[in-house]
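Input: a single structure, listed below in structure tokens.
Numbering (the working numbering), first residue to last: 19 to 276.
Following this line, the structure appears as structure tokens:
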């Protein structure tokens, strides 16, 4: 497989570090998305970043000149909601943003329950001490923890920012407990339901992202074409030291589908 991605009918695109970095589009990203449309390649935006709701992502992308619908956006929050529903969880204490809490509450799951079944941890960019301390108290009482995704850092133009993985380390030190489950990438189920819905084989789909331990690991587990972009977190040295074999390595999405 090369940068032309011949035979690929759908691409799953990470956002942070792949399509944009912070508030800035990766150079050439819009042209790449135009090539997707011209070649009839379906594109979906995929993010472990659970700090925003689907509506907020649609608005952010539209503001960057990228038209999309809610159906085009797949978040770790969707995977989390599926897991909570499968386990009949309706009461939680959520360390999460208002956007993520709204998605949970819209699905019938409380986020500030005094008697929660789970403490839920998302990428909370509005985090405060009350959320952390109350969540810790619940965990000390035996309430299990579930996290939306494992990312240690969120890429930004100024360097990595603390993400869910960093919060998990804090709670581990505080309570001595690990999460019962972590949703989101690299769980292949995050994209497999869409691949099946499209009637495609995983080999006809590509996962494009900047992280080895989430984006590329999920692509490998799902059997998709794995495309590593070097515009975000991972470097060529990281790849060489990881022991992973990916299908395509490019500097950015600007090199794809040409």
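Every residue gets a Cβ at the ideal spot worked out from N, C-alpha and C, and that includes glycine. For clarity, every value in this text was computed on a predicted model and none was experimentally measured.
Secondary structure at residue 32: strand, using DSSP grouped into helix, strand and coil. Cβ-Cβ distances below 7 Å link residue 143 to 69 and 115 in the same chain, with the five nearest sequence neighbours on each side left out; the list follows chain order. In this chain, residue 81 is not harboured by any beta strand (DSSP E); it is covered by the alpha helix (DSSP H) spanning 72-81. Counting only runs of 3 or more residues that sit fully inside the segment 143-180, the beta strand (DSSP E) segments are 163-165, in chain order.
At the C-beta level, residue 195 and residue 157 come within 7 Å of one another. At least 7 Å separates the beta-carbon of residue 233 from that of residue 251. If you draw a straight line from the Cα of residue 214 to the Cα of residue 30, it comes to about 14 Å. Per DSSP, residue 186 is one residue of the alpha helix (DSSP H) stretching across 182-193. Judged by DSSP in its simplified three-state form, residue 121 adopts helix. Of the residues assessed, residue 88 falls on the exposed side of the cut-off, its CB having fewer than 16 other CB atoms within 10 angstroms. Residue 260: member of the alpha helix (DSSP H) spanning 254-260, first to last residue. Apart from the 5 residues on each side of it in sequence, residue 154 sits with its Cβ closer than 8 Å to the Cβ of 189, 192 and 193 in its chain, given in chain order. By the neighbour-count definition (other C-beta atoms within 10 Å, threshold 16), residue 22 is an exposed residue.
Beta-bridge partners of residue 95 (DSSP): none assigned. When DSSP reads this structure, residue 113 sits in a beta bridge with 139. In the DSSP assignment, the residues bridged to residue 224 are 29 and 243. Of the other Cβ atoms in all chains shown, fewer than 16 fall within 10 Å of the Cβ of residue 276; this residue is therefore exposed.
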